[in-house]
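Those protein sequence lines, which keep their order, are chains A and B. According to our numbering, the first sequence is numbered sequentially starting from 1. According to our numbering, the second sequence is numbered sequentially starting from 114. The C-beta atom is built at its ideal place from N, Cα and C for all residues, glycine as well. These notes concern the structure reproduced below.
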Amino acid sequence: EAGVTQFPSHSVIEKGQTVTLRCDPISGHDNLYWYRRVMGKEIKFLLHFVKESKQDESGMPNNRFLAERTGGTYSTLKVQPAELEDSGVYFCASSPSTSGSMFFGPGTRLTVL
Amino acid sequence: KQEVTQIPAALSVPEGENLVLNCSFTDSAIYNLQWFRQDPGKGLTSLLLIQSSQREQTSGRLNASLDKSSGRSTLYIAASQPGDSATYLCAVRLGYGGSQGNLIFGKGTKLSVKP
Numbered sequence: 001e002a003g004v005t006q007f008p009s010h011s012v013i014e015k016g017q018t019v020t021l022r023c024d025p026i027s028g029h030d031n032l033y034w035y036r037r038v039m040g041k042e043i044k045f046l047l048h049f050v051k052e053s054k055q056d057e058s059g060m061p062n063n064r065f066l067a068e069r070t071g072g073t074y075s076t077l078k079v080q081p082a083e084l085e086d087s088g089v090y091f092c093a094s095s096p097s098t099s100g101s102m103f104f105g106p107g108t109r110l111t112v113l
Numbered sequence: 114k115q116e117v118t119q120i121p122a123a124l125s126v127p128e129g130e131n132l133v134l135n136c137s138f139t140d141s142a143i144y145n146l147q148w149f150r151q152d153p154g155k156g157l158t159s160l161l162l163i164q165s166s167q168r169e170q171t172s173g174r175l176n177a178s179l180d181k182s183s184g185r186s187t188l189y190i191a192a193s194q195p196g197d198s199a200t201y202l203c204a205v206r207l208g209y210g211g212s213q214g215n216l217i218f219g220k221g222t223k224l225s226v227k228p
């Protein structure tokens with residue numbers, strides 16, 4: 001069974017540019033999550049989808065971040081315009097329910113110059 | 114507000130030693146607790162999941178315990194090997210409100226097992 005996949009693995013952009021990160025969850029997992037780890041800090045929650053609906057987006061830092069999950073399959077996280085403090089590793093995770101194990105992807109390392 | 118703390122931040126041990134990693138959380142109203150392993154440049158690998166009603170879980174050389182009332186969990190690694198070198202993360206899943214789905218992470222313990 002394929003795990004959670006994320007694309008790209010690395011992205012280097014200039015401040016003010018736009019970047020779109022993609023996550024493909026494990027097939028059949030209704031729950032999809034985005035997390036972020038910035039340098040020296042713990043991994044922090046961004047948002048949670050149940051199928052195509054946003055269940056909880058309390059962790060989204062500001063309106064420069066937009067997440068979508070069209071059709072309840074893959075998800076995208078767009079940062080527009082990117083700022084220096086957005087640099088970090090963005091993880092996607094999926095789970096079949098909110099009570100079981102959460103499975104993480106390898107992450108996308110975003111560097112904003 | 115739930116906070117998760119992991120001690121120590123880093124640990125170096127000789128191969129073969131048994132070791133304990135500690136995790137504490139401030140709010141006992143958790144749904145479950147999960148231990149992960151992260152290798153450099155890689156994603157998180159789930160090691161053990163303990164539901165709030167359970168006291169411990171075991172997988173191979175790993176044993177995780179949970180004392181919800183005191184807000185503590187430990188990850189015991191028996192007969193450590195160089196391949197165990199990684200960062201170990203503890204995360205709790207909240208058990209209330211609209212935030213039931215998300216995990217609160219500690220900063221991790223970086224383990225180095227020397228041959």
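- For B:ALA204, the enclosing beta strand (DSSP E) has its first and last residue at 199 to 207.
- When the Cα atoms are used, B:GLU116 and B:ILE217 turn out to be separated by approximately 7 Å.
- Note that the stretch 181 to 200 of chain B does not touch the stretch 85 to 99 of chain A; fewer than 3 beta-carbon pairs, one per stretch, sit closer than 8 Å.
- Counting along the chain, the unbroken beta strand (DSSP E) around A:ASN31 starts and ends at 31 to 37.
- Those residues of the stretch 60 to 73 of chain A placed with their C-beta closer than 8 Å to a C-beta in chain B do not exist.
- At the C-beta level, B:GLY156 and A:PRO106 come within 8 Å of one another.
- Look at A:GLY88 here: in three-state DSSP terms it is strand.
- A direct Cα-to-Cα measurement between B:ARG168 and A:THR5 gives close to 33 Å.
- Listed as beta-bridge partners of A:ILE13 by DSSP are A:VAL112.
- A Cβ-Cβ distance of about 6 Å is found for the pair B:SER186 and B:ALA177, placing them in contact under the 8 Å criterion.
- Assignment of B:PRO127 by DSSP, reduced to helix, strand and coil, places it in the strand class.
- Nearest in C-alpha terms to A:TYR74, of all of A:LEU32, A:HIS10 and A:SER58, is A:LEU32.
- The DSSP-derived three-state label of A:THR98 is coil.
- Membership of B:ILE143 in the beta strand (DSSP E) is indicated by the continuous run 143 to 151.
- The alpha carbon of A:SER27 has as its nearest neighbour, out of A:ILE43, A:GLY3, A:PHE7 and A:THR20, the alpha carbon of A:GLY3.
- A straight line joining the alpha-carbon of B:ILE120 with that of A:ASP86 spans about 28 Å.
- The alpha-carbon separation between B:LEU175 and A:VAL79 amounts to approximately 39 Å.
- A check of alpha carbon separations from B:ASN215 across A:LEU113, A:TYR35 and A:ALA67 identifies A:TYR35 as the nearest.
- In this structure the stretch 219 to 228 of chain B touches the stretch 121 to 136 of chain B; the number of beta carbon pairs closer than 8 Å is three or more.
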